[in-house]
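Structure record follows, encoded as structure tokens.
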Amino acid sequence: MQASSRAQLLYRSQSTLVLVEHNNQHLSPVTLHAITAAKKVGGEVNCLVVGSKNCTDIAAEVAKVGGITKVLVAENAAYEGLLAERLTPLLLAAQAQFKFSHILAGSSAFSRSVLPRVAAKLDVSPISDIIGVKDADTFVRTIYAGNAIMTLKSMDAIKIITVRSTAFEAASLSGGSGTVENMSAPADGPAISEYVGAELTKSDRPELASAKVVVSGGRGMKSGDNFTMLYDLADKLGAAVGASRAAVDAGMVPNDMQIGQTGKIIAPELYIAVGISGAIQHLAGMKDSKVIVAINKDAEAPIFQVADYGLVADLFKAVPELTQKI
């Protein structure tokens with residue numbers, strides 16, 4: 005009975021903080037996947053919304069998610085650009101005040117820049133890209149480019165975790181009644197970086213990380229100009245356009261289109277790989293797709309081993325024909 009009482013007391017004291025990713029206008033889908041993982045951890049789930057303006061709108065949206073207890077809001081002009089050097093002291097202050105047992109965020113460039121700094125300051129080991137939650141201390145993640153799955157148990161008092169969004173369903177933006185609370189915390193940080201500005205690429209196509217259909221090109225596209233045929237196909241399908249690392253390294257397309265172990269990890273309902281050989285690093289980023297279609301003139305290309313449908317053909321003939329028939 006005493007052991008059981010201690011376990012129950014530990015469970016009640018367990019509290020998780022989810023760092024919310026947004027652009028001051030829209031909530032990033034990766035956060036909803038991270039909230040689902042946080043619910044699996046158990047205990048109380050809280051969120052932290054940080055920004056330079058309009059944070060209250062984002063916070064109100066997050067508070068609608070079922071299972072959220074509290075949404076903390078830190079709004080200050082110093083947080084413009086969400087620089088890791090500014091956010092780290094804020095997260096440390098939140099941890100000191102509320103004593104969270106877990107700090108989670110969706111796996112992205114944003115979380116990968118902030119959470120390792122927080123983990124270093126707290127002297128704990130960060131746990132990256134989890135794909136499963138066994139219990140509050142035990143998590144599942146992939147290693148060796150997804151060829152092996154590891155179950156790890158962390159004995160750290162505070163768990164710092166990033167969540168692979170493709171492994172968890174997105175939490176629904178309804179059914180919740182979390183409270184919204186302003187948080188006073190330090191806005192200063194090491195004066196080693198300054199936000200100057202951002203040049204954003206605008207597109208009518210869906211965001212690559214959350215698109216249901218993705219058309220992706222590889223080294224076989226030969227040049228950036230040839231990606232036009234993929235854009236035409238994507239527009240017909242309402243799809244996002246991605247690329248392999250080989251295409252990005254060759255300068256055909258910008259690196260924000262890269263899919264793979266060192267790029268974005270996605271799991272759309274339909275993935276069309278055009279001129280992609282299927283290197284292990286690329287497969288790690290898309291092999292969880294529901295349906296995979298491969299177009300490649302090399303019948304021995306590794307991509308055909310994971311493809312549900314394969315077409316051995318010259319992509320410069322096959323893609324325009326496919327686009328025309330849709």
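If you read the sequence shown in our numbering, its first letter stands for residue 5, the second for the next number, and so on. The beta-carbon is built from N, C-alpha and C at its ideal position, and this holds for glycine as well.
Determine which residues share a DSSP beta bridge with residue i and list them.
i    : result
V218 : A244, Y275
L94  : Paired residue(s): none; L94 is not in a bridge.
L287 : Beta-bridge pairing links L287 to no other residue.
M187 : Partner(s): none; M187 has no beta bridge.
Y313 : V297
C51  : V22, V75
L108 : V22, I165
Q262 : A247
V144 : G136, T155
L31  : H26
I131 : I165
Out of the options, which has the shortest C-alpha to C-alpha gap to residue i?
i    : options                : result
A171 : T142, S19, I270        : I270
L23  : E203, K103, E84, L76   : L76
S248 : Q99, I284, L315, L274  : I284
V69  : I196, R116, G182       : G182
E79  : L91, T327, K138        : L91
A88  : F308, H286, S197, L234 : S197
T40  : Y83, S293, S105, I135  : I135
T142 : G224, S158, N151       : S158
G47  : N58, G150, F320, Q18   : Q18
G264 : L95, D139, K163, G222  : G222
K57  : H106, A82, I131        : A82
K163 : Y148, I107, G242, A113 : I107
A243 : D253, Y199, D208       : D208
Y148 : H286, S188, P306       : H286
S129 : G150, L21, D160        : D160
F320 : G282, F231, N259, G246 : F231
S169 : F308, H30, H37         : H37
A238 : N259, E203, I276       : I276
Note down the Cα distance separating residue i from residue j, rounded to an integer number of angstroms.
i    : j    : result
T155 : D133 : 12 Å
A251 : A97  : 43 Å
I165 : A322 : 43 Å
A288 : G201 : 32 Å
G314 : I299 : 6 Å
R116 : S32  : 15 Å
A175 : G110 : 12 Å
G255 : V122 : 34 Å
D302 : I330 : 25 Å
V278 : H26  : 32 Å
E84  : V49  : 26 Å
T146 : A152 : 6 Å
L119 : P324 : 44 Å
L180 : T266 : Reading off the sequence shown, one finds Gly at residue 180, where the question assumed Leu. Distance between the alpha carbons of G180 and T266: 35 Å.
K4   : Q262 : Nothing about residue 4 can be read from this structure; the chain reaches only from 5 to 330.
I72  : I280 : 42 Å
N186 : V34  : 23 Å
S178 : A67  : 9 Å
A229 : F104 : Before going further, note that residue 229 is Asp rather than Ala in the sequence given. Roughly 50 Å separates the two Cα atoms.
A233 : D127 : For clarity, residue 233 is Met in the given sequence; the question names Ala instead. So the alpha carbons of these two residues sit roughly 50 Å apart.
K74  : V257 : 41 Å
R10  : E304 : Only weak support is given to the placement of R10: the predicted model assigns it a pLDDT of 41, under 50, and the question is left unresolved by the model.
Y199 : S188 : 22 Å
L94  : Q101 : 11 Å
N28  : C59  : 6 Å
V144 : L274 : 26 Å
G99  : D253 : The question names Gly, but residue 99 in the sequence shown is Gln. Each residue's alpha carbon lies about 40 Å from the other.
Run through DSSP, which three-state label would residue i get?
i    : result
V200 : coil
G150 : coil
Q328 : helix
F172 : coil
T40  : helix
R116 : helix
S9   : Model confidence at S9 stands at a pLDDT of 38, short of 50, so the residue's coordinates are unreliable; what they give is reported in the following sentence. Reduced to three states, the DSSP call for S9 is helix.
R209 : coil
K321 : helix
L126 : helix
L234 : helix
G136 : strand
G270 : First, the residue type needs correcting, since residue 270 is Ile and not Gly in the sequence shown. DSSP places I270 in coil when its eight states are reduced to three.
I307 : helix
V69  : strand
I280 : coil
G46  : coil
G179 : strand
Would you check whether the ligand NAD has a heavy atom nearer than 7 Å to the C-beta of residue i?
i    : result
A317 : No copy of the ligand NAD occurs in the structure displayed, which carries no ligand at all.
Since residue i and residue j are thought to touch, with beta carbons under 8 Å apart, how far apart are those beta carbons, to the nearest angstrom?
i    : j    : result
V45  : V137 : 6 Å
K291 : V310 : 5 Å
V219 : L212 : No, V219 and L212 are not in contact; Cβ-Cβ is about 10 Å, not under 8 Å.
K240 : T327 : 6 Å
A64  : V184 : 7 Å
D312 : I296 : 5 Å
V54  : L86  : 7 Å
K216 : P272 : 5 Å
At a Cβ threshold of 8 Å, is residue i touching chain C?
i    : result
V297 : Among the chains in the structure shown there is no chain C, since it carries only a single protein chain.
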